[in-house]
Amino acid sequence: MSPEEKLHILKMIQDGKITPDQGIDLLNNLEKENGLPDQGRMQNLTRKPGKPRWLRVVVYDLIGQREKINIRLPIQVIESGLKLGARFSTISRGYSPDLIRQALKAGQIGRITDVSDNEIGERIVISLE
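Take the sequence shown: its letters are residues 35 to 163, numbered as in our numbering.
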């Protein structure tokens with residue numbers, strides 16, 4: 035597989051034309067078609083359709099409408115954090131950890147919550163990918 039083919043697939047993922055899992059499948063298929071050895075580690079990244087792998091948190095500045103934070107965390111880390119976090123009380127502004135738990139149980143993909151806090155001038159968007 036040529037570097038151009040790989041870049042084209044990565045660009046399609048970046049543009050949202052295909053999901054990361056579809057990109058992995060394309061890369062694996064191209065390697066097999068070209069007779070290259072299967073990497074093994076790529077196989078571990080495949081998953082069942084409809085099951086989220088990442089939690090994305092994006093924080094926007096309400097005044098400038100800029101993105102302040104954009105972080106993507108593996109679901110496995112989030113599940114562990116939710117279990118640990120259940121032991122501590124939290125102060126929330128329109129957010130409940132139960133929203134994430136319920137979305138994970140349902141296999142939901144997409145936006146979970148979109149909360150604006152005018153006091154601190156931030157908008158927080160949490161989604162599963």
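Glycine residues also receive a C-beta, built at the ideal position from the N, C-alpha and C atoms. This one's a predicted model, so the numbers in the text were calculated from it and none came from an experiment.
Around the Cβ of PRO86, a 10 Å sphere holds 16 or more other Cβ atoms; the residue is buried. Sequence-distant Cβ neighbours of ASP95 in its own chain, meaning closer than 7 Å and more than five residues away, are LYS102, GLY155, GLU156. In the DSSP annotation of this structure, PRO37 is not part of any beta strand (DSSP E); the continuous alpha helix (DSSP H) holding it starts and ends at 37-48.
DSSP lists ILE158 as the beta-bridge partner residues of VAL149.
The Cβ neighbour count for ILE112, taken over all protein chains shown within 10 Å, is at least 16; the residue is labelled buried.
In this structure, the alpha-carbon of GLN110 lies about 16 Å from that of ILE160. Taken atom to atom, the span from the alpha-carbon of VAL93 to that of GLN136 is near 22 Å. If you check the CB distance, PRO37 and ILE47 do not come in under 8 Å. Ranked by how close their Cα comes to the Cα of ASP151, the residues LEU44, LYS45, ILE97, ASP49 have ILE97 in first place.
The beta carbon of ARG145 is closer than 7 Å to those of VAL159, SER161 in its chain, skipping five residues each way along the sequence.
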